[in-house]
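Novice: In terms of our numbering, the sequence shown opens at residue 18 and continues consecutively. I have a structure here, written as structure tokens, and I will follow up with some questions on it.
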Amino acid sequence: MEFFRRSSPPPPPDPRWSRAMELFRAGDAAFVDAVRGIHESKALAVFAETWYSDPRIEARRLLHRYLLLPLTVAAHKPLVKRVFKFAEAAGDDATMARYLVAFDRSVRRGPRRPDAEPPAVLFTSQTRNYLRRRAWRYFRKLGRVAPERFLPAVCYALKQYTDADVPDGRALLDNWGLVHVLFHFSPALEAKPTGWRLVGNTTLSKLQPEPMFRKLWLKSPEPAFELLTANCGTVRQWAIAWLRKNAPDRLTRVSLEELLRWLELPFPELNDLAADLIEKVPGLDAIPVARWLAILDAAKPEVLDRVAGLMLRVLKPAKVDFADAIRLAMARPIPVARLGQYLLADKRPTTPDEVRAVFGLRDAEAEPLRPALVSWACLVLGERPDFQPTWVLEFLDARHEDVREAGWEWLQTDDRARESAVVWQRLLESPHDNIRLRLVAMLEERSREAGAIDALPADRVRFLWAAVLLNVSRGGRAKPFVVRQILDRLGKKPDEAGVLLPIVAAALRSVRGPEFRAGLAGVAGFVARFPQHRPLIETTFPELTLGG
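And the structure:
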């Protein structure tokens, strides 16, 4: 190319230059950061020719990587402008596409906080506006004089935009080239030298695909189809709307495998399109369960409901392993957990591993479904011939209150667990208030059975009583029962007075009215029956005056 200088003078003797050139010759990606750390504009201007004229693929890859980063290093003005002119003169569509995107990114309007640091920029606002207009003119000219190159070139550019380039409507209008490509003829927009503006009271919701060189886009749906997987949501939405309106038959020819792949991509617009199209495709029942599970693992939350609905429609529970069904039921997203619940409904654990997996449902993450899942777990475990009463403790000791509620219901309805001494001994150590308070009620009920409470470990019963009485926020209704139970035990086992009377004293200070008077009467009755404990009672209850 005649505008190239065939020999570039050597760079100045700077160690950073030596390191950068070493990386450049090696084609090392670290070169980009190294060259951005150099601030010698004259040397960079000379290097622009060396860089652009290098025929190696590695050199071009480094250039494109450089243009991907913000144009913010002030000393790089000559480098950026000279390479831009070289690419423009050479008809280098790929590099010009990178410049189109880079210059679009360099302009962002909008209010800024008074205390915010001004953004680093490479050119003045006038120069940036000029450069992005000039970059677009390159592609506009391309569409007129070389139409066969226009769509490949602009599609390559469109694939370089990301969601970060269009975080909101104002940012969309700041992308001069992007809007020209996609919405050039939109009646909702007008182009000004400083950027795009909405016409009148129009909103961006009125935007429809109105590209420049519409006839080129209409020749084949493939360029728009390739944009369905672009990195920018605006581009994907445009491609979907264009194809739905102008090439709906192309969407009906998408293979089932590609639709499944779309469901796994992190693009909500494409996920929705795939979910719409896949419902009309035959062969869903032939998709392996493992493939469906992989889709569920990869799909975004917004599309999980639809994917789970598809699976409910086509999957036969018998085809899904017990472990996979449990895993689905354990998931946090409700659509996935509901699918797992459906698949588990008629299954039963048949191996020790499957039994252990059922216990895992106590930690199911879909809170609205967890009680039903745990109830199912209690049912199937209770049906097993090798049932063990202590299994109920796995749910009564769970961290979630709704799981403990289900476990308590199981305890109440299963005599094998309810009558197990081991279960009672373990329950007396429960750290959970809702279990402790209910245990007090059960002890009150059992106190009517001769020797029922006495058969329980004394230390654990005392632990339960103390835990309930010392709870300042809960257990108000249970405390009178506890006082009565302690006094009953004192009547049967007066030798435990040294341990039990301090508990009664603490209890009486937290109850009032009739319960308080009944408690004092019980203490007075105790000292009347066992006068040898009078000194202990006077010490423990200084507020109680005992008659001679």
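Every residue, glycine too, gets a C-beta built ideally from N, C-alpha and C.
Out of A346, W408, A383, M328, point me to the one whose CA is closest to R435's CA.
Specialist: Closest option to R435, Cα to Cα, is W408.
Novice: Please name the residue, chosen from F41, P406, G424, D341, that lies closest to W68 on a Cα-to-Cα basis.
Specialist: Residue F41 is the option with its Cα nearest to W68.
Novice: Taking the alpha helix (DSSP H) that L287 falls in, what are its first and last residues?
Specialist: Residues 285-295.
Novice: Buried or exposed: where does S35 fall if 16 or more other Cβ atoms within 10 Å of its Cβ makes it buried?
Specialist: Answer is exposed; the Cβ neighbour count stays below 16.
Novice: How far does the beta strand (DSSP E) with T207 in it reach, from first residue to last?
Specialist: Residue identity differs from the one stated: residue 207 is Glu in this sequence, not Thr. Where E207 is concerned, the enclosing beta strand (DSSP E) stretches over 206-209.
Novice: Please list the segments of the beta strand (DSSP E) lying wholly inside the stretch 286-360, counting only runs of 3 or more residues, in order along the chain.
Specialist: Listed in chain order, there is nothing to give.
Novice: Where DSSP assigns a beta bridge to L215, which residues make up the other side?
Specialist: In DSSP, L215 forms a bridge with L206.
Novice: Looking only at C-alpha atoms, which of P169, L117, R214 sits nearest to Y178?
Specialist: Among P169, L117, R214, the Cα nearest to that of Y178 belongs to L117.
Novice: Could you check the C-alpha separation between E386 and P318 for me, to the nearest Å?
Specialist: The amino acid occupying residue 386 in the given sequence is Leu; Glu does not appear at that position. Between L386 and P318, the C-alpha separation is close to 17 Å.
Novice: Exposed or buried, T141, counting other C-beta atoms within 10 Å across all chains shown (16 or more means buried)?
Specialist: Per the 10 Å Cβ criterion, exposed.
Novice: Quick check: the stretch 367-381 against the stretch 402-417, are there 3 or more CB pairs under 8 Å?
Specialist: Yes, the stretch 367-381 touches the stretch 402-417.
Novice: Any idea what DSSP makes of A467, helix, strand or coil?
Specialist: With a pLDDT of 46 at A467, under the threshold of 50, the predicted position of this residue should be treated as unreliable, and no value is reported.
Novice: Taking a contact to mean a Cβ-Cβ separation below 8 Å, would you say L195 touches D266 in this structure?
Specialist: Taking 8 Å as the Cβ cut-off, L195 and D266 do not qualify as a contacting pair.
Novice: If you draw a straight line from the C-alpha of N248 to the C-alpha of D180, how long is it?
Specialist: Using only the alpha carbons, I get a separation of about 7 Å.
Novice: Quick check: what's the CA-CA separation for D505 versus I554?
Specialist: Those two C-alpha atoms are separated by around 16 Å.
Novice: Taking only three categories from DSSP, how would you classify H56?
Specialist: Coil at H56, not helix or strand.
Novice: In its own chain, which residues sit with a C-beta less than 6 Å from the C-beta of Q549, not counting the 5 before and 5 after it?
Specialist: Once the five neighbours on either side are set aside, Q549 has no close Cβ partner at all.
Novice: For S392, collect the residues of the same chain with a Cβ closer than 6 Å to its Cβ; drop the 5 residues on either side in sequence, then sort them by chain order.
Specialist: Around S392: A423.
Novice: Are there 16 or more other CB atoms within 10 angstroms of the CB of D191, so buried, or fewer, so exposed?
Specialist: Classification for D191: buried.
Novice: Identify the continuous alpha helix (DSSP H) that holds Q254 and give its terminal residues.
Specialist: Where Q254 is concerned, the enclosing alpha helix (DSSP H) stretches over 250-263.
Novice: Taking F202 as the reference, give the member of F230, P210, N218 with the closest Cα.
Specialist: When each option's Cα is compared against that of F202, the closest is F230.
Novice: How would you write the range of the alpha helix (DSSP H) that A91 sits in, first residue to last?
Specialist: Note, A91: premise wrong, no alpha helix (DSSP H); not H, not E.
Novice: How about F339 and P366: do their beta carbons lie closer than 8 Å?
Specialist: Going by C-beta atoms, F339 is nearer than 8 Å to P366.
Novice: So, for V353: in the same chain, excluding its five sequence neighbours on each side, which residues have a beta-carbon less than 7 Å away from its beta-carbon?
Specialist: L313, L321, A325, L345.
Novice: Are the CB atoms of V198 and L175 within a distance shorter than 8 Å?
Specialist: Yes, these two residues count as a Cβ contact at 8 Å.
Novice: Helix or strand or just coil, what does DSSP make of L436?
Specialist: In the sequence as displayed, the identity of residue 436 is Glu instead of Leu. E436: coil per DSSP, three-state reduction.
Novice: Leaving out five residues before and five after K223 in sequence, what residues of the same chain have Cβ atoms less than 6 Å from its Cβ?
Specialist: Once the five neighbours on either side are set aside, the close Cβ partners of K223 are A205.
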